[in-house]
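K.L.:
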Amino acid sequence: MKKLFEKILRWFDELGLAFRGVLLASRYKNFYLPALLGFLGFGTLLNLFSGGLSSFSLIGASGFLGALKIIANAFFGVFGVNKNLLDWLPIFFLALLQGTLIGLIVFVYKKNKEKAEGAAESVGIVAGLAILGSGCPTCGTTLLAPLIGTIFSGSSFAVAGLLSGVITFLAVLVAIFSFKKVGFETYAIIKSENYNRKKKNHEEIA
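When we follow the numbering used here, the leftmost residue of the sequence shown carries the number 1, and every step to the right adds one.
(1) Residue 80 to residue 104, Cα distance in whole Å?
(2) For the alpha helix (DSSP H) containing residue 73, list its first residue and its last residue.
(3) Let's see if you can read the secondary structure: which residues bound the alpha helix (DSSP H) around residue 111?
(4) For the alpha helix (DSSP H) containing residue 30, name the first residue and the last one.
(5) Hey, how far is the Cα of residue 144 from the Cα of residue 169?
(6) For residue 28, which residues from the same chain have a beta carbon less than 8 Å from its beta carbon, with the 5 sequence-adjacent residues on both sides left out?
(7) Who are the near neighbours of residue 20 in its chain, counting only those whose CB is closer than 6 Å to its CB and skipping five residues on each side?
(8) Taking 9 Å as the cut-off, decide whether the C-beta atoms of residue 35 and residue 55 are in contact.
(9) What's the gap between the Cα of residue 180 and the Cα of residue 48?
(10) Distance, Cα to Cα, residue 90 vs residue 182?
(11) Report the three-state DSSP secondary structure of residue 21 (helix, strand or coil).
(12) Check residue 82 in the structure and name its three-state DSSP category.
(13) Distance check for residue 177 and residue 192, CA to CA, integer angstroms please.
(14) Taking the straight line between their C-alpha atoms, what separation do you get for residue 195 and residue 97?
(15) Would you identify the three-state DSSP class for residue 10, choosing helix, strand or coil?
(16) Taking 7 Å as the limit between beta carbons, can you name the residues of its chain near residue 62, skipping five residues before and five after?
(17) Does DSSP classify residue 178 as helix, strand or coil?
(18) Could you give the distance in angstroms between the alpha-carbon of residue 101 and the alpha-carbon of residue 200?
(19) Nearest-angstrom Cα distance between residue 77 and residue 37?
(20) Whose C-alpha, out of 24, 33, 173, is nearest the C-alpha of residue 189?
Right under this line is the structure:
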């Protein structure tokens with residue numbers, strides 16, 4: 001029991017260091033662009049999938065201006081425009097986590113390619129789970145609804161909504177664990193570089 005408690009404390013300690021890693025990475029310019037693009041791109045994509053595949057069907061049938069309007073609505077939906085709070089929060093949180101992950105991975109990749117490869121796989125898993133679990137809780141539409149409808153009858157929307165929520169929860173869990181790992185790596189890399197720089201300066205002065 002004591003060892004389990006120590007492991008839990010160590011996990012949260014590393015999570016705290018991961019947040020410090022983000023703060024340290026935010027001082028570097030090469031963190032912001034991939035993080036911002038990841039946040040906006042992934043959030044827009046999740047909003048497009050929030051109504052199942054209907055948005056993509058409309059894009060194909062609406063012409064250039066119509067398609068642009070649909071994508072623009074999905075983009076502004078990342079910031080909660082015309083979105084119900086319950087529909088917006090999961091998308092915003094996942095997009096923010098994914099964008100941060102992408103920014104950190106790009107940062108770590110430039111420092112240590114091997115450490116970034118495993119985290120990059122996690123980003124793909126998060127994206128896949130988030131898209132599969134995407135939907136609109138308040139209006140009963142999910143990407144899983146057509147598939148569930150072929151298996152269940154009557155309560156297919158309820159079953160699809162439940163599975164969608166579970167998958168989205170898994171996506172958040174994977175994102176948090178991935179964030180802890182890559183954020184901690186970022187913290188260790190930056191602290192190590194700062195230490196080596198100070199040591200070098202000290203030796204030069206001596």
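Heads up, the beta-carbon is just placed ideally off N, CA and C, and yes, glycines get one too.
Quantities reported herein were computed from a predicted structural model and do not represent experimental measurements.
P.N.:
Looking at the coordinates:
(1) Residue mapping note: residue 80 aligns to position 80 of the sequence shown, counting from 1. Residue mapping note: residue 104 aligns to position 104 of the sequence shown, counting from 1. Answer to the nearest angstrom: the Cα atoms are 25 Å apart.
(2) Translated into the one-based positions of the sequence shown, residue 73 becomes position 73. 63–77 is the extent of the alpha helix (DSSP H) around residue 73.
(3) Within the sequence shown, residue 111 is the residue found at index 111, counting from 1. Looking at the DSSP string, the run of the alpha helix (DSSP H) that includes residue 111 is 85–111.
(4) Within the sequence shown, the letter at position 30 stands for residue 30. Residue 30 -> alpha helix (DSSP H) spans 29–49.
(5) As a position in the sequence shown, residue 144 is number 144, starting the count at 1. As a position in the sequence shown, residue 169 is number 169, starting the count at 1. For residue 144, the predicted model reports a pLDDT of 49, less than 50, meaning its position is unreliable; a value from the coordinates is still stated below. So the two alpha carbons sit approximately 15 Å from each other.
(6) On the sequence shown, position 28 is the one that residue 28 refers to. Only 107 meet the Cβ criterion.
(7) Translated into positions along the sequence shown, residue 20 becomes position 20. Closer than 6 Å at Cβ, skipping near neighbours: 187.
(8) As a first step, residue 35 must be located in the sequence shown, where it is residue number 35. As a first step, residue 55 must be located in the sequence shown, where it is residue number 55. For residue 35 and residue 55, no; Cβs fall outside 9 Å.
(9) Start at 1 with the first residue of the sequence shown, and residue 180 comes out as number 180. Start at 1 with the first residue of the sequence shown, and residue 48 comes out as number 48. Their backbone Cα atoms lie some 28 Å apart in a straight line.
(10) The residue you call residue 90 lines up with position 90 of the sequence shown. The residue you call residue 182 lines up with position 182 of the sequence shown. Each residue's Cα considered, the two are about 22 Å apart.
(11) Translated into positions along the sequence shown, residue 21 becomes position 21. Three-state DSSP puts residue 21 in a helix.
(12) Here the question's residue 82 lines up with position 82 in the sequence shown. Three-state result, residue 82: coil.
(13) Translated into the one-based positions of the sequence shown, residue 192 becomes position 192. Translated into the one-based positions of the sequence shown, residue 177 becomes position 177. Spanning the two alpha carbons is a distance of roughly 23 Å.
(14) Against the sequence shown, residue 195 aligns to sequence position 195. Against the sequence shown, residue 97 aligns to sequence position 97. Cα to Cα, residue 195 sits roughly 29 Å from residue 97.
(15) To locate residue 10, count along the sequence shown from 1; it is residue 10. Residue 10 falls in the helix class under three-state DSSP.
(16) The residue labelled residue 62 in the question sits at position 62 within the sequence shown. Here the set comprises 70.
(17) Translated into the one-based positions of the sequence shown, residue 178 becomes position 178. Looking at residue 178 - three-state DSSP - the assignment turns out to be helix.
(18) Here residue 101 refers to the residue found at position 101 of the sequence shown. Here residue 200 refers to the residue found at position 200 of the sequence shown. Approximately 31 Å between the Cα atoms of the pair.
(19) Here residue 77 is taken as the residue at index 77 of the sequence shown, counted from 1. Here residue 37 is taken as the residue at index 37 of the sequence shown, counted from 1. Whole-angstrom Cα-Cα distance: 15 Å.
(20) Numbered from its first residue, the sequence shown carries residue 189 at position 189. If we check each option's Cα against that of residue 189, 24 comes out closest.
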